[in-house]
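In this note's numbering, the protein residues as written are 88 to 141.
Glycine included, C-beta positions come from ideal geometry on N, C-alpha and C.
What follows is the structure in structure tokens.
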């Protein structure tokens, strides 16, 4: 398994998240996206999310 985390990859410019969180119609999806955008800004990362089918 690959190494993970800022400690192991301090110069990583981006993060990829794979998720099955209920899709775009999930009631909290916009809040989730807003929180991720804030995290990316705070950490200086580009965050990409792939929504996998359930």
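- Put simply, of 138, 130, 136 the residue whose alpha carbon is nearest the alpha carbon of residue 98 is 130.
- Out of 95, 94, 103, the CA that lies nearest to the CA of residue 138 is found in 103.
- The three-state secondary structure of residue 107, taken from DSSP, is coil.
- Between residue 123 and residue 136, the C-beta spacing is below 8 Å.
- Under the criterion of beta carbons closer than 8 Å, residue 132 and residue 96 do not qualify as touching, at roughly 11 Å.
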